[in-house]
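Participant: I'd like to ask you about the structure that follows.
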Amino acid sequence: MAKWGEGDPRWLVEERPDAKNVNNWHWTEKNAAQWSKDKLKEILVGTVVETDFAQCKITEMTKCNGDAVVNNRKAKLIFFYEWAIEVQWSGTSNNHAMGGCEINEPTSIVLCHITIKRFQCVESFMQSKLENIAIFWKRKKLYQEAFIKPIEKECFLVNGDTNVKGTLQIPNLSEEHDMKDVDITVKLETDGPEAEILKDMMRQTGGEVVRRQLSQYVNLLKEEFSKGLILPSKDSAEEVKSEAEEVKSEAEEVKSEAEEVKSEAEVVKSEAEEVKSEAEEVKCEAEEVKCEAEEVKCEAEEVKCEAEEVKCEAEEVKCEAEEVKSEAEEVKSDTSTDRPHKIFKSAEKDCDLNKPIETGEIKTCESFKCTAEEFYRVLTTKEMVQIFTQGSCIFEPKEGGKFELFDGNVQGHFVKMVPFKTIEQKWRFKTWPKEHFSDVTIEINQKDDCTEVNVTLVGVPKAEVENTKDGWRRFYWESIKRNLVFMVIHIVTY
268 MAKWGEGDPR
278 WLVEERPDAK
288 NVNNWHWTEK
298 NAAQWSKDKL
308 KEILVGTVVE
318 TDFAQCKITE
328 MTKCNGDAVV
338 NNRKAKLIFF
348 YEWAIEVQWS
358 GTSNNHAMGG
368 CEINEPTSIV
378 LCHITIKRFQ
388 CVESFMQSKL
398 ENIAIFWKRK
408 KLYQEAFIKP
418 IEKECFLVNG
428 DTNVKGTLQI
438 PNLSEEHDMK
448 DVDITVKLET
458 DGPEAEILKD
468 MMRQTGGEVV
478 RRQLSQYVNL
488 LKEEFSKGLI
498 LPSKDSAEEV
508 KSEAEEVKSE
518 AEEVKSEAEE
528 VKSEAEVVKS
538 EAEEVKSEAE
548 EVKCEAEEVK
558 CEAEEVKCEA
568 EEVKCEAEEV
578 KCEAEEVKCE
588 AEEVKSEAEE
598 VKSDTSTDRP
608 HKIFKSAEKD
618 CDLNKPIETG
628 EIKTCESFKC
638 TAEEFYRVLT
648 TKEMVQIFTQ
658 GSCIFEPKEG
668 GKFELFDGNV
678 QGHFVKMVPF
688 KTIEQKWRFK
698 TWPKEHFSDV
708 TIEINQKDDC
718 TEVNVTLVGV
728 PKAEVENTKD
738 GWRRFYWESI
748 KRNLVFMVIH
758 IVTY
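Numbered continuously in the working numbering, the sequence shown closes out at residue 761.
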């Protein structure tokens, strides 16, 4: 034990009366899930999106799934949050606010571009059978993508009595995305041209308003919720004072450096005068160079002619290269047919079925940057299996279902399937003794930042243990990791 006053100061608990997390050295964590849900509801519900022609309001938060945590390590705050949010909204047009009166003079009628897409022109739109529609007008441009046309008669646009309802989804609010990259999807529960107009308004203007509200949540999480995570220390004031002294001394140094720069600037000024006189000389020389350039131009024309000849020769070389490429493709296709036979380097042997087979066991552990559900679907979905095995296959993902991979070189059937947890198989390579299978158990464990996979093969012929282990590594795990991003995207869309 160190003597009093000696040892690492980070562990001296007398620095704090309560002896809590001395010098903020240890990892502390504060769950912000419930606070975030309440705060998001408070910030989003009641938000109004209003333009000159319509008004929408978020009325309810129907979904808020995810988590948020604030951590302190070595007096540094680390924020983790990930939310999928869905809210309900409703809206109506602002016809009444614009007057809702008849038009008695030539003016410009502003029509939202979504409405105009439903009609070829304003005249056909005027002749449509839309009735009981409120009239409104305004002389300036009300919308960025509006369609403007001068007319001298009444024009119908939005039904002011219609209450449009819909949903707004935010699937990827997290610390990994900038706020401008957060996706916002707007859907409708009401049909009609008025609904399409308000949907477009919520998608553009409403998207900006919602992102500002979400930025407010992130700022509150960092400034309000995280208070108290970094505990004050006894030496804080002294540290600040010493830092202030350092800043002061640095300021003095900067001042002296500024004086030096000023004197250097005077020198540069005098040098600039010299450069100016030299520039005049250079100008004269430039005139001479110009004359020489004319001569070079003539020579360049000659070179251009020669370049045309070289270009023709290059075309001939290109044609020859295309022929070589096509021949290479043919060679590649011829050699690719041997690939499945080289997957597991196993030579076919004459086996005595009555002779006991010496077997071994293989255990491996791999980690993948995906969820347990996504990894399970990679191993149990035919389309995914064909992606990482790079070929067609026979695949029946059910208990008792058969599978044949790599042109029939790998065979077996499923014994047990526990979704997102366990897969058990009877597995063999076709050159093994007839009817001899190994027992494969794949345990899938979801971790905080990855999925851990533990694989056990029992009953592998002893002479084939190394080749089998290498084959699983190369043509299962490494191939899955290379294609994982593509397969996960396919799973989401599937």
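Backbone N, C-alpha and C fix where the C-beta goes; we use that ideal spot for every residue, glycine too. Since the structure is predicted, the reported quantities are computational estimates derived from the model, not experimental observations.
Taking the alpha helix (DSSP H) that Thr698 belongs to, which residues open and close that run?
Facilitator: Run containing Thr698: none; DSSP gives neither H nor E here.
Participant: If you compare alpha carbons, which of Arg749, Val722, Ile747, Lys748 is closest to Lys736?
Facilitator: It is Val722.
Participant: Which residue marks the beginning of the alpha helix (DSSP H) containing Met468, and which one marks its end?
Facilitator: 460 to 468 is the extent of the alpha helix (DSSP H) around Met468.
Participant: Whose C-alpha, out of Val685, Lys683, Lys330, Val336, is nearest the C-alpha of Ser441?
Facilitator: For the residues Val685, Lys683, Lys330, Val336, the minimum Cα distance to Ser441 belongs to Val336.
Participant: Please classify Ala321 as buried or exposed, where buried requires at least 16 other C-beta atoms within 10 Å of its C-beta.
Facilitator: Buried: at least 16 other Cβ atoms inside 10 Å.
Participant: Would a C-beta distance cut-off of 7 Å place Cys660 and Leu646 closer than the cut-off?
Facilitator: Against a cut-off of 7 Å, the Cβ pair of Leu646 and Cys660 comes out as no contact.
Participant: Three-state secondary structure (DSSP) at Asn676?
Facilitator: DSSP places Asn676 in coil when its eight states are reduced to three.
Participant: Distance, Cα to Cα, Lys420 vs Gln355?
Facilitator: Below a pLDDT of 50, predicted positions are generally treated as unreliable, and Lys420, at 32, falls in that range; no measurement from the model is reported.
Participant: With 16 other CB atoms within 10 Å as the buried threshold, where does Glu731 fall?
Facilitator: That one is buried.
Participant: Using a 10 Å radius around the Cβ and a threshold of 16 neighbouring Cβ atoms, would you call Lys466 buried or exposed?
Facilitator: The residue is buried, with at least 16 neighbouring Cβ atoms inside 10 Å.
Participant: Are His680 and Lys688 closer than 7 Å when you measure CB to CB?
Facilitator: No; because the gap between Cβ atoms is not below 7 Å, this pair is not in contact.
Participant: Would you kindly check if the distance between the Cβ of Ile624 and the Cβ of Pro728 is under 7 Å?
Facilitator: In this structure, Ile624 lies closer than 7 Å to Pro728 by Cβ.
Participant: Nearest-angstrom Cα distance between Ile376 and Glu317?
Facilitator: With a pLDDT of 34 at Ile376, under the threshold of 50, the predicted position of this residue should be treated as unreliable, and no value is reported.
Participant: Rounded to the nearest angstrom, what separates Val762 and Lys522 at their Cα positions?
Facilitator: Nothing in the structure corresponds to residue 762, since the chain is present only between 268 and 761.
Participant: In this structure, does DSSP put Ser493 in helix, strand or coil?
Facilitator: The answer is coil: DSSP assigns Ser493 none of H, G, I, E or B.
Participant: In the structure shown, what three-state DSSP assignment does Ala299 receive?
Facilitator: Of the three classes helix, strand and coil, the one that applies to Ala299 here is coil, per DSSP.
Participant: Taking the DSSP output, what are the residues bridged to Thr434?
Facilitator: Answer is Gln355, Lys454, bridged to Thr434.
Participant: Do the region 476 to 487 and the region 429 to 440 touch if we need at least three Cβ pairs shorter than 8 Å?
Facilitator: As far as the Cβ criterion goes, the region 476 to 487 touches the region 429 to 440, which means the pair count is three or higher.
Participant: To the nearest angstrom, how far is the alpha carbon of Val449 from that of Ile345?
Facilitator: Approximately 20 Å between the Cα atoms of the pair.
Participant: Looking only at DSSP bridge pairs, what is Ile661 linked to?
Facilitator: BP columns for Ile661 point to Glu671.
Participant: Taking just the CA atoms, how far does Glu650 sit from His757?
Facilitator: Rounded to whole angstroms, His757 to Glu650 spans 9 Å at the Cα level.
Participant: May I ask you to list the residues that DSSP assigns as paired with Lys693?
Facilitator: In the DSSP output, where bridge partners are listed per residue, Lys693 has His680, Asp706.
Participant: Would Ala525 be called buried (16 or more neighbouring beta carbons within 10 Å of its own) or exposed?
Facilitator: The residue is exposed, with fewer than 16 neighbouring Cβ atoms inside 10 Å.
Participant: Quick check on this structure: which residue in Glu628, Gln657, Phe662, Pro686 has the alpha carbon closest to the alpha carbon of Phe642?
Facilitator: Of the candidates Glu628, Gln657, Phe662, Pro686, the one whose C-alpha sits nearest the C-alpha of Phe642 is Pro686.
Participant: For the beta strand (DSSP E) containing Thr647, list its first residue and its last residue.
Facilitator: Per DSSP, Thr647 belongs to no beta strand (DSSP E); it is in the alpha helix (DSSP H), 639 to 647.
Participant: Report the three-state DSSP secondary structure of Thr656 (helix, strand or coil).
Facilitator: Looking at Thr656 - three-state DSSP - the assignment turns out to be helix.
Participant: Assign Asn339 to buried or exposed, taking buried as 16 or more other Cβ atoms, counted over all protein chains shown, within 10 Å of its Cβ.
Facilitator: With 16 or more other Cβ atoms within 10 Å, it is buried.
Participant: What residue range does the alpha helix (DSSP H) around Asp334 cover?
Facilitator: Run containing Asp334: none in the alpha helix (DSSP H); it sits in the beta strand (DSSP E), 321 to 340.
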